[in-house]
Amino acid sequence: AQSVTQLDSHVSVSEGTPVLLRCNYSSSYSPSLFWYVQHPNKGLQLLLKYTSAATLVKGINGFEAEFKKSETSFHLTKPSAHMSDAAEYFCVVSPYSSASKIIFGSGTRLSIRP
Amino acid sequence: EPEVTQTPSHQVTQMGQEVILRCVPISNHLYFYWYRQILGQKVEFLVSFYNNEISEKSEIFDDQFSVERPDGSNFTLKIRSTKLEDSAMYFCASSEGMTPRQREQYFGPGTRLTVT
């Protein structure tokens, strides 16, 4: 069965320092992978997606993620954190076996220290 | 930019009552979804809908749930007899199609359902 594991429930970084949010996936086939962000009282917004093209994917707001098949990872990074990045981040897999549903990780809450 | 909208933003209901959660997907999208997130837990898939019928549903989506596209714009989730454990944030989403480029799901802001 396909799944994603977000290794950290909470990450706290200082403004201006790098961000790393970790995600590992489990899939029998090459999956489609996504990162979504949820700001307080807002809907889920797509940050970036991997659909078997380039392994390094660039998203909005300076975020990027690298698909590493050998490590079954899809970690989200940003070189320099901004206060507005404080939010909940979800790693998501779209299973090959499913025509429609997507499977969410448990989420990582990112806090930014001034 | 087109967006998915949901109403109401917060619904409070008594146990045993019926509720209808409403969503307006993006206008040229063909696939529609409902997800829920119980407080402190993962976002869980409930159901997907295409061409006026359910295409996939999870174990959570039992007989007390139903979905409908009553007109050309709305997509609704009905819970017939609410239970305390139905309290959650319910998200609606839509996508353009099923190719890799079209599979991106756009989410609404959610409806917080509180069952008392």
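Protein chains in written order, with the working numbering: chain A, 5 to 118; chain B, 18 to 133. Where is the CB? At the ideal position from N, CA and C, for every residue including glycine.
Using a Cβ-Cβ cut-off of 8 angstroms, state whether residue i counts as contacting chain A.
i: Gln-119/B; result: no
i: Gln-28/B; result: no
i: Ser-65/B; result: yes
i: Phe-78/B; result: no
i: Glu-70/B; result: no
i: Glu-18/B; result: no
i: Glu-113/B; result: no
i: Glu-85/B; result: no
i: Glu-35/B; result: no
Using a cut-off of 7 angstroms between C-beta atoms, extract the partners of residue i located in chain B.
i: Gly-63/A; result: Correct list: empty, because the minimum Cβ distance to chain B is about 12 angstroms.
i: Phe-94/A; result: Val-60
i: Lys-53/A; result: Glu-121
So which residues on chain B does residue i lean against when the C-beta distance must stay under 8 angstroms?
i: Ser-98/A; result: Arg-120
Kindly indicate which three-state DSSP category residue i falls into: helix, strand or coil?
i: Ser-18/A; result: strand
i: Lys-105/A; result: coil
i: Asn-65/A; result: helix
i: Glu-73/B; result: strand
i: Glu-35/B; result: coil
i: Lys-46/A; result: coil
i: Glu-92/A; result: strand
i: Lys-82/A; result: strand
i: Glu-75/A; result: helix
Indicate whether at least one CB of chain B lies closer than 8 angstroms to the CB of residue i.
i: Ile-106/A; result: yes
i: Phe-67/A; result: no
Show which residues of chain A have a CB atom less than 8 angstroms away from the CB atom of residue i.
i: Lys-59/B; result: Phe-108, Gly-109, Ser-110, Gly-111
i: Phe-108/B; result: Gly-47, Leu-48
Using a cut-off of 7 angstroms between C-beta atoms, extract the partners of residue i located in chain A.
i: Gly-127/B; result: Gly-47
At 9 angstroms on the CB atoms, spell out the chain B contacts of residue i, in chain order.
i: Leu-25/A; result: Near Leu-25/A there are no residues of chain B at all, since even the closest Cβ is about 16 angstroms away, more than 9 angstroms.
i: Lys-73/A; result: None at all; the shortest Cβ gap to chain B is about 17 angstroms.
Listing by chain order, which chain A residues have their CB less than 9 angstroms from the CB of residue i?
i: Phe-124/B; result: Tyr-40, Gln-42, Gly-47, Leu-48, Gln-49, Leu-50
Is residue i near the ligand GDP, going by C-beta to nearest heavy atom under 7 angstroms?
i: Lys-73/A; result: The ligand GDP is not part of the structure shown, which contains no ligands of any sort.
Starting from residue i, follow its DSSP beta bridges and name the residues at the other end.
i: Ser-30/A; result: Ser-7/A
i: Ile-116/A; result: Val-17/A
i: Lys-53/A; result: Phe-38/A
i: Leu-94/B; result: Leu-38/B, Val-84/B
Segments assigned alpha helix (DSSP H), at least 4 residues, entirely inside the region 102 to 132 of chain B: none
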